[in-house]
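Report on one structure; see the data block that follows.
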Amino acid sequence: MRTLALAAAATAATLAFLTPVAPFAATGPSAALVQPDGLALPAPKAGRARPLVVVLADNAGAETTDFAIPYGVLKESGVAEVRSVATAAGPIKLMPSLKILADQTTHEFDRAEPAGADIIVVPAQMKPKSPELANWLRAQAAKGAVIVSICEGARVLAHAGLLEGRRATTHWSALKGLAKAYPDTTWIRDRRYVQDGPIISTTGVTASLPASLALVEAIAGRPTAQATAARIGVRDWGPAHRTADFQPTVADYRHGLWTLAAFWNHETVQTPIANGTDEVTLALRTDAWSRTYRTKVVTTRPGLATVLSHRGLAILPDAEPRAGRYVLPTHPTPAAEIDGSLAAIGKRYSPATARLAMLGLEYKTPRATAP
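Residues in the sequence shown are numbered from 4 upward in steps of one, following the numbering used here.
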């Protein structure tokens with residue numbers, strides 16, 4: 004019974020941390036509280052031809068897709084200088100998968116850029132109350148940076164006091180708890196991304212794709228955003244969202260509980276990486292498979308040398324390739340990767356398992372319906 008109770012708690016916690024992307028459809032009653040479609044950004048700071056964007060991680064860990072997608076999409080667009088920055092030197096274990104090295108520490112960034120960043124992207128963090136994160140973000144906000152939280156990165160901003168008196172959104176599963184913990188913030192439902200002055204926030208995990216494209220559009224205009232979206236296979240990046248579409252059913256909890264308890268069905272799978280690997284599709288692939296409650300994903304490379312991704316992210320392989328392990332299928336674009344990975348999960352495991360992954364990613368395919 005103790006094992007089952009622990010498994011149930013783990014199921015609830017995992018469903019809370021991960022979740023699917025809804026179709027960009029009708030908004031709910033709270034839509035009147037938020038800004039029109041699109042984001043507004045100030046001009047880059049003096050002496051810069053384009054904005055300087057920081058994607059931030061605490062070394063204790065940050066969410067994989069929250070981190071890799073803004074980094075990759077903004078670099079792909081060419082409209083900003085993008086740097087990965089960590090609170091300290093050394094590897095960062097992204098969750099639930101990938102291990103990376105940042106370009107700079109916050110201390111190194113401050114020495115090199117005393118004027119501060121133009122835009123800071125804050126993924127969900129393993130330690131959202133990290134003093135280092137809070138202090139650095141407050142200092143950057145005081146220098147005029149626009150702060151963008153992805154998914155439960157909103158916890159970091161709320162703890163730092165940056166959401167007080169503002170409107171914000173977050174992962175569907177965190178809305179109730181954050182509203183109780185931070186009642187001075189107006190927590191918005193039915194909106195994929197929300198801007199309140201210099202603060203932008205998004206809903207769960209895969210909202211990082213449309214939000215990143217909305218940032219590209221705000222920086223360089225609609226044609227540039229359209230061209231970037233076409234290269235990564237995305238057709239629409241509007242803010243419309245239905246929070247109620249992402250509520251686990253009793254069947255979801257039962258299936259998650261059983262999957263966690265059935266440890267004999269768990270497996271380790273591998274995905275090879277090499278220099279030039281697309282970090283956005285890799286993040287979506289490993290993130291989706293890691294959210295099945297039965298799969299551990301390891302990245303592999305002979306010799307374990309550090310990989311530089313297609314857009315320059317340093318990735319540390321987890322293991323040497325191993326014969327007999329299932330190799331994850333790959334897909335050519337981020338949009339194809341999401342649907343392809345979910346389809347492969349449904350085929351290898353079950354449609355119910357694929358649905359758990361969709362809930363974790365806050366992603367919804369046209370055929371994704373509750374059982």
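C-beta: ideal position from N, C-alpha, C; glycine also. Predicted, not measured: the structure shown is a model, and the values here were computed from it.
Extent of the continuous beta strand (DSSP E) run through residue i
i      : result
Lys299 : 298 to 303
Ser215 : No beta strand (DSSP E) contains Ser215, which is instead part of the alpha helix (DSSP H) from 211 to 223.
Ala151 : As written in the sequence, residue 151 is Val, which differs from the Ala given in the question. Here the beta strand (DSSP E) through Val151 covers 149 to 152.
Glu270 : 270 to 275
Val125 : 122 to 125
Sheet register partners of residue i (DSSP bridge)
i      : result
Arg170 : Thr189
Asp199 : Ile202
Ala89  : Ala60, Thr108
Arg194 : Ala243
Val330 : Gln273
Lys3   : Here the chain has residues from 4 to 374 only, and residue 3 is not among them.
Ala52  : Ala52 is not bridged to any residue.
Gln128 : Ala65
Val310 : Ile318
Glu84  : Leu55
Environment of residue i [buried if 16+ CB atoms lie within 10 Å]
i      : result
Glu79  : buried
Asn138 : exposed
Arg238 : exposed
Ala115 : exposed
Gln250 : exposed
Arg325 : exposed
Pro213 : buried
Leu316 : buried
Leu307 : exposed
Asn459 : This structure cannot speak to residue 459, because the chain is shown only from 4 to 374.
Thr30  : Residue placement at Thr30 cannot be trusted, given a pLDDT of 28 that sits under 50; the coordinates are not used to answer.
Glu66  : buried
Arg297 : buried
Gly224 : exposed
Gly207 : buried
Trp267 : exposed
Val149 : buried
Asp193 : buried
Lys132 : exposed
Glu323 : exposed
Glu155 : buried
Val37  : Unreliable positioning characterises Val37 in this predicted model, as indicated by a pLDDT of 33, which lies under 50. The coordinate reading is nonetheless provided below. Flag for Val37 reads buried.
Asp187 : exposed
Ala92  : exposed
Asp248 : buried
Ala145 : exposed
Ala210 : buried
His174 : buried
Lys367 : buried
Start and end residues, alpha helix (DSSP H) containing residue i
i      : result
Gln143 : 134 to 145
Ile341 : 337 to 351
Ile72  : 67 to 80
Val253 : 253 to 264
Ser293 : 282 to 293
Ala161 : 156 to 162
Met361 : 354 to 364
Leu181 : 178 to 184
Closer than 8 angstroms to chain C by CB, residue i
i     : result
Glu66 : No chain C appears in this structure, which consists of one protein chain only.
Any non-hydrogen atom of the ligand GDP within 7 angstroms of residue i CB
i     : result
Ala83 : Among the components modelled here there is no ligand, and therefore nothing to report on the ligand GDP.
Pairs of beta-carbons, one from the stretch 78 to 89 and one from the stretch 172 to 184, closer than 8 angstroms: are there three or more? By the Cβ rule, the stretch 78 to 89 does not count as touching the stretch 172 to 184, because fewer than three pairs are nearer than 8 angstroms.
Touching or not, the stretch 151 to 167 and the stretch 191 to 205, by the rule of three or more beta carbon pairs under 8 angstroms? Contact holds between the stretch 151 to 167 and the stretch 191 to 205, because three or more Cβ pairs, one in each stretch, are under 8 angstroms apart.
How about the stretch 46 to 63 and the stretch 115 to 124: do they share at least three Cβ pairs that are nearer than 8 angstroms? Touching, per the Cβ criterion.
Three CB pairs or more closer than 8 angstroms across the stretch 239 to 247 and the stretch 104 to 113: These segments do not touch.
Would you say the stretch 255 to 274 touches the stretch 220 to 233, given that touching needs at least three Cβ pairs under 8 angstroms? Segment contact: the stretch 255 to 274 against the stretch 220 to 233, fewer than three CB-CB distances shorter than 8 angstroms; contact not assigned.
Under 8 angstroms: do the stretch 334 to 346 and the stretch 298 to 316 share three or more Cβ pairs, one atom per stretch? Fewer than three beta-carbon pairs drawn from the stretch 334 to 346 and the stretch 298 to 316 are found closer than 8 angstroms, and the two stretches are therefore not classed as touching.
Flag this pair as touching only if the stretch 275 to 284 and the stretch 66 to 74 have three or more C-beta atom pairs under 8 angstroms; answer yes or no. With a cut-off of 8 angstroms on Cβ pairs, the stretch 275 to 284 is in contact with the stretch 66 to 74, counting three or more such pairs.
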